[in-house]
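Each remark here refers to the structure printed beneath this line.
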Amino acid sequence: MVQSGSGHRQLGGQPGAVPGWVGYALLPLLNLVAAFALSGLVILVIGENPINVLSLMLTEAVGYPEAIGYTLYYTTDYIFTGLAVAIAFHCGLFNIGGEGQAYLGGLGAGLVALALTGWPWPIVAVLAIAASALLGAAWAFIPAWLQAKRGSHIVITTIMFNFIAASVMTYLLVDVLIRPGSQSPETREFDPGVWLPSMERALGWIGVTVPASPLNLSFLWALACCALFQIFLRHTRWGYELRTVGRNERAAVYAGISPSRNIIIAMLISGALAGFVGVNEILGVQHRVILNFTGGVGFVGIAVALMGRNHPIGIILAALLFGVLAQGGGQVSFEYPTINRELVMVIQGLVILFAGAMENLFKPQVEALFRRRAASAEPAAEAGRG
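Residues in the sequence shown are numbered from 613 upward in steps of one, following our numbering.
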């Protein structure tokens with residue numbers, strides 16, 4: 613089982629120790645700077661000015677209201693999948709099945725919208741949230757049970773279930789749910805009355821005018837999930853048990869906590885959170901069930917959770933960063949023909965590399981610096997007290 617966050621527990625808590633904010637803020641910032649510095653070199657090699665390119669990327673992501681709407685739309689998906697990965701991490705699990713769980717969550721939301729034509733959108737939204745959570749959790753249950761009861765590796769089973777989910781959705785949309793008379797593998801469009809309102813429409817209710825964008829009310833639900841995540845994890849008995857299992861399974865057993873039960877609970881919550889991607893994409897944007905609507909957000913969620921240190925605030929910030937890359941990077945390719953979508957994916961990959969696999973690259977040097985500063989400050993403090 614993965615021991616999440618183990619690389620940061622030693623920060624702080626003892627005299628002369630490194631402050632906790634170093635692990636949660638400074639190291640991710642250094643990793644991000646290194647990733648963008650290396651990205652700049654790649655851009656320079658292909659003959660473009662990296663400062664101009666990265667400036668344009670930032671402008672196209674947050675430089676005007678419509679761009680902000682698109683960026684926050686991408687951010688919404690990344691928050692859901694980042695939280696999904698993080699809750700599993702806290703239980704010592706590495707759930708990389710968010711892609712499949714999000715896929716099934718979208719199916720749940722879509723089936724509700726198809727079945728409740730003519731119903732008020734608030735009721736449909738609540739039922740769609742419940743259905744997406746239910747199907748996402750159900751898709752995570754079998755890997756969770758296999759891990760808890762049979763010792764099957766959660767990484768292997770969740771990868772397998774990603775492929776199974778894709779096959780199931782292809783079958784359903786080609787042979788079962790396809791719109792009559794259509795050659796495209798998608799359902800019929802939902803009744804407009806059940807669509808999740810866009811942020812443009814919602815803000816219009818209070819007299820605020822914003823440009824049209826895919827951003828919808830599921831963004832507010834994503835923020836609410838961050839708050840609920842923190843309350844559950846830090847302020848409930850169930851969250852304490854889950855974290856105990858993730859930190860030390862043997863100690864959890866000694867304390868009377870069931871590791872198998874908490875593994876299943878963590879994966880069910882993880883699957884439900886990933887399933888909420890379907891509410892944003894299917895009910896809020898596409899308004900029909902289509903193939904490949906997830907677009908890799910389940911895998912990006914892994915980097916979001918790692919970079920956000922499995923904390924809701926960090927996940928929001930990391931999700932926003934990847935939202936900027938998704939929106940700004942897509943627009944840069946129109947301005948610079950030499951910078952195609954694949955190069956933008958290289959930049960994203962470098963951020964993932966430094967935030968994930970190389971997250972401790974600068975840790976020894978930073979820790980040594982802070983310890984030297986603490987050691988040099990101790991004699992001065994002693995002299996002052998004397």
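Glycine residues also receive a C-beta, built at the ideal position from the N, C-alpha and C atoms.
Three-state secondary structure assigned by DSSP to I902: The answer is strand: DSSP assigns I902 an E or B state.
Three-state class that DSSP yields for E798 in the structure shown: When secondary structure is reduced to three states using DSSP, E798 falls in the strand class.
G710 versus I766: straight-line alpha-carbon distance, rounded: Roughly 12 Å between the two C-alpha positions.
Three-state class that DSSP yields for N874 in the structure shown: Note: N874 maps to helix in three-state DSSP.
DSSP state of N972 mapped onto helix, strand, coil: N972: coil per DSSP, three-state reduction.
Extent of the continuous alpha helix (DSSP H) to which W757 belongs: For W757, the uninterrupted alpha helix (DSSP H) run begins and ends at W733 to W757, by DSSP.
Continuous alpha helix (DSSP H) stretch holding L895: start and end: Per DSSP, L895 lies in no alpha helix (DSSP H) segment and is marked neither H nor E.
Member of G887, I902, P631 and I951 whose CA lies at the smallest distance from the CA of F688: The question names Phe, but residue 688 is Thr in the sequence shown. Taking the Cα of T688 as reference, the smallest distance to any Cα among G887, I902, P631 and I951 is reached at G887.
The region 914 to 928 touching the region 729 to 743, judged by at least three CB pairs closer than 8 Å: By the Cβ criterion, the region 914 to 928 is not in contact with the region 729 to 743, since fewer than three pairs of Cβ atoms, one from each stretch, lie closer than 8 Å.
Terminal residues of the alpha helix (DSSP H) in which Y866 lies: Residues E861 to Y866.
Cβ neighbours of A824 in the same chain (closer than 6 Å, five flanking residues each side left out): Around A824, the same chain offers E812 as residues with beta carbons nearer than 6 Å, after the five sequence neighbours per side are excluded.
Beta-carbon proximity of V630 to R855, cut-off 9 Å: Cβ distance not < 9 Å, so V630 and R855 don't count as in contact.
Unbroken alpha helix (DSSP H) run spanning Y686, endpoints: For Y686, the enclosing alpha helix (DSSP H) has its first and last residue at P677 to H702.
Range of the contiguous alpha helix (DSSP H) that encloses A824: Counting along the chain, A824 falls outside any alpha helix (DSSP H), and DSSP gives it neither H nor E.
Extent of the continuous alpha helix (DSSP H) to which R813 belongs: Taken as a continuous stretch (DSSP letters only), the alpha helix (DSSP H) holding R813 covers M811 to G816.
Length of the line joining the Cα atoms of S667 and N661: Distance from the CA atom of S667 to the CA atom of N661, rounded to whole angstroms, is 10 Å.
Run of the alpha helix (DSSP H) containing S945, from where it starts to where it stops: Per DSSP, S945 belongs to the alpha helix (DSSP H) from P924 to E947.
Presumed contact (8 Å Cβ cut-off) between G730 and D803, rounded CB distance: About 6 Å; that satisfies the 8 Å criterion.
When S810, G816, L929 and Q939 are compared against L829, the one with the closest alpha-carbon: The candidate whose alpha carbon is nearest that of L829 is S810.
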